[in-house]
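Read through the structure below, which is laid out as structure tokens, and then see the notes.
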Amino acid sequence: MTKRITAAVIAGALLIVAIAVQAAGAFLSQEDEEKNGAMSLFSSSEKLEEKVVEQGSGSSRIVEINLEGAIMDSPSSNTNPFSGGGYQHDRFMKKLEQIKNDPTIKGVHLYVNSPGGGVYESAEIHDKLMEIKEEDKMIYVSMGNTAASGGYYISAPADQIYASNDTFTGSLGVIMQSVNYQELANEYGVKFNTIKSGEFKDIMSPTKEMTEADREILQTLVDESYQQFVDVISEGRDMSESRVKELADGRIYSGKQAAENGLVDQIGFREDTLAALKEEIGGNPQVFEYKNNITSFFDFPMAQSLMPDSEIRYIEQLISERQGPTLMYMYTE
């Protein structure tokens, strides 16, 4: 507990530094662009450089991309030098756009290791993958330790889905949560003054009890997103809606169970997925990946010398974590 408190204090100090750095970075970025278009140290721009993994035909290529972590578009993650190590939604979308527009790319090997994330972000990725498929590019997904909820949502359009026997997938559904501390506040004599323009303006507020009317409104939002999830699976897996709803009750499946119920095509690991995709494309395709030039402040030796890796990642989470209730395709343990 003492370490966590210390980490939180350090996080507060670093957050102040991060704000100053972001402001300076934004100023320098604007100044650089006005002078010669150069990219500032903390600019959100990213040049998608390539790294060849396996030599082969340059006119028939396979790109390997990874999606690891919660699928959330945090505004600070795009400009915050403290969050370089996590999932970067805008950069991932740039990769997908470049893949779509590159005629030499014939196949996409997508590695998914994610518990899911935001409804909006998951839908954005799904739609871009559908555009990629419309360009006659094959998409094979390899599931890692976890590819649940939104992690499955984005996998559904794939031509083939591979998972290990021990992969956690499923958790098909939508969740919205908030914390209510009204009773705790009352116990300590804390009162809240709320002035609102309409009855439901403070819906899901942590300072008041949820009414049945509140619950009905929020349930309609959850139901709409759930139906969208069902439709995505039904289309992607060529499965009837009734069958999808049997499976999409929120439970988690092992990779073995997912293969048995039709949510996964094959049992295998990343190398098995890539081998199958190469065989499907034929010939001798070049395999490459995009370099990630974004570095987190916490990856530098100075930061690593101050505290162990576990505390570094905890502080990163404190700085970048999204606050407030939102619709989520998310598996939570």
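Residues -23 to -1, 1 to 310 (mature numbering (1 follows the signal peptide of the UniProt record, and there is no 0)) are what the sequence shown spells out, left to right. Backbone N, C-alpha and C define an ideal beta-carbon position, used for all residues, glycine too. Just so you know, these numbers come straight off a predicted model, no measurement behind them.
Query raised in the report: Does the Cβ-Cβ distance between ILE229 and GLY121 come in under 8 Å?
Result: As a working mapping, residue 229 is identified with position 252 in the sequence shown. As a working mapping, residue 121 is identified with position 144 in the sequence shown. Not a contact, by the Cβ cut-off of 8 Å.
Query raised in the report: For SER34, does the three-state DSSP call read helix, strand or coil?
Result: Working through the sequence shown from its first residue, we reach residue 34 at position 57. Here SER34 sits in strand by DSSP.
Query - Secondary structure of THR197, DSSP reduced to three states - result: By 1-based counting over the sequence shown, the position of residue 197 is 220. Looking at THR197 - three-state DSSP - the assignment turns out to be helix.
Report task. Pull up the CB-CB distance for VAL85 and ILE109, whole angstroms please, since I reckon it's below 8 Å. Result -> Here residue 85 corresponds to residue number 108 of the sequence shown, with the count starting at 1. Here residue 109 corresponds to residue number 132 of the sequence shown, with the count starting at 1. The C-beta separation of VAL85 from ILE109 comes to about 6 Å, placing the pair in contact by the 8 Å criterion.
Query raised in the report: If you compare alpha carbons, which of GLN32, ARG38 and ILE42 is closest to LYS268?
Result: Locating residue 268 in the sequence shown gives position 291, where the first residue counts as 1. If we check each option's Cα against that of LYS268, ILE42 comes out closest.
Report task. Specify whether the segment 30 to 50 and the segment 220 to 238 touch according to this definition: at least 3 beta carbon pairs, one from each stretch, less than 8 Å apart. Result -> Contact between the segment 30 to 50 and the segment 220 to 238 is absent, because fewer than three Cβ pairs lie under 8 Å.
**Report entry** Stretch-stretch touch, CB-based, cutoff 8 Å, three pairs: the segment 249 to 257 with the segment 109 to 118
**Finding:** Counting Cβ pairs under 8 Å, three or more are found: they touch.
Query raised in the report: Residues bridged to THR81 by DSSP?
Result: Counting from 1 along the sequence shown, the entry for residue 81 is found at position 104. Note: THR81 sits in no beta bridge, so no partner.
Requested in this report: Going by DSSP, name the residue or residues bridged to PRO262.
Outcome: Here residue 262 refers to the residue found at position 285 when the sequence shown is read from its first residue. Beta-bridge partners assigned by DSSP to PRO262: SER34.
Query raised in the report: Per DSSP, what kind of secondary structure is SER202 in: helix, strand or coil?
Result: In the sequence shown, counting from the first residue as 1, residue 202 sits at position 225. Reduced to three states, the DSSP call for SER202 is helix.
Query raised in the report: In or out: ARG214 buried (at least 16 other Cβ within 10 Å) or exposed?
Result: By 1-based counting over the sequence shown, the position of residue 214 is 237. Classification of ARG214: buried, given that the 10 Å Cβ count is 16 or more.
Query raised in the report: Taking the alpha carbon of LYS178 as the point to measure from, which residue in GLY260, LEU195, TYR165 and GLN205 has its own alpha carbon closest?
Result: Locating residue 178 in the sequence shown gives position 201, counting from the first residue. The option with the nearest alpha carbon to LYS178 is LEU195.
Query - Buried or exposed (CB count within 10 angstroms, at least 16 for buried), LEU106 - result: Along the sequence shown, one-based indexing puts residue 106 at 129. With 16 or more other CB atoms across the displayed protein chains lying within 10 angstroms of its CB, LEU106 is buried.
Requested in this report: Measure how close the beta-carbons of TYR308 and GLY63 come, nearest whole angstrom, since I'm counting them as under 8 Å.
Outcome: Residue mapping note: residue 308 aligns to position 331 of the sequence shown, counting from 1. Residue mapping note: residue 63 aligns to position 86 of the sequence shown, counting from 1. Contact doesn't hold; Cβ gap of about 17 Å is too wide.
Query raised in the report: Where does ASN122 fall in DSSP's three states?
Result: Along the sequence shown, read from residue 1 onward, the residue named residue 122 stands at position 145. Looking at ASN122 - three-state DSSP - the assignment turns out to be strand.
Query - Bridge partner(s) assigned by DSSP for ALA140 - result: Along the sequence shown, one-based indexing puts residue 140 at 163. Beta-bridge pairing by DSSP links ALA140 to ILE244.
Query raised in the report: Smallest Cα separation from LEU25: which of MET305, SER34, GLU266 and ILE172?
Result: Your numbering for residue 25 matches position 48 in the sequence shown. Here the closest residue by C-alpha is GLU266.
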